[in-house]
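If you're matching positions, the sequence shown starts at 1 in our numbering and goes up one per residue.
These notes are about the structure you will find just below.
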Amino acid sequence: MKKNRLLLLLAVLLIMVPLWWARGSEFGGTDDQAEKAIQLLHPHYRPWFESIFTPPGGEVETLLFSLQAALGAGVIGYVIGVYKGRSERKSSHDSRV
């Protein structure tokens with residue numbers, strides 16, 4: 001139980017310390033930073049293509065990103081479960097033989 005509390009405290013610290021350290025800072029996305037860097041280095045740069053779909057708002061963009069993360073986590077969990085199941089079946093089959 002004490003170990004769980006320590007891990008929870010460490011997780012909270014990992015979240016809170018960077019936010020405290022950078023308080024008052026503006027959190028911008030890497031896409032914006034890359035666009036500014038490209039404009040600075042090569043002002044006449046033209047993109048190769050345009051976006052197919054632009055979300056109507058920041059909330060929708062966050063929702064789509066969250067759904068993508070959940071889908072990815074589900075796929076990873078499924079693959080881990082399949083391999084673990086195969087391993088357990090193989091070990092139980094080997095122990096019976």
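Glycine included, C-beta positions come from ideal geometry on N, C-alpha and C.
Which value, in whole angstroms, describes the spacing of the CA atoms of S87 and G57?
45 Å
Sorted by chain position, which residues of the same chain lie with C-beta nearer than 6 Å to A73's C-beta, five sequence neighbours on each side aside?
none
Along the chain, where does the alpha helix (DSSP H) containing E35 start, and where does it finish?
30-41
Could you check where the alpha helix (DSSP H) with A11 kicks off and where it finishes?
Where A11 is concerned, the enclosing alpha helix (DSSP H) stretches over 2-21.
Pick helix, strand or coil for R46, following the three-state DSSP scheme.
coil
In angstroms, rounded to a whole number, what distance separates the CA positions of L8 and K2?
10 Å
CB-CB under 6 Å to E35, same chain, minus the five flanking residues each way: which ones, in chain order?
none
Just to confirm, are Y45 and I52 a CB contact at a threshold of 7 Å?
no
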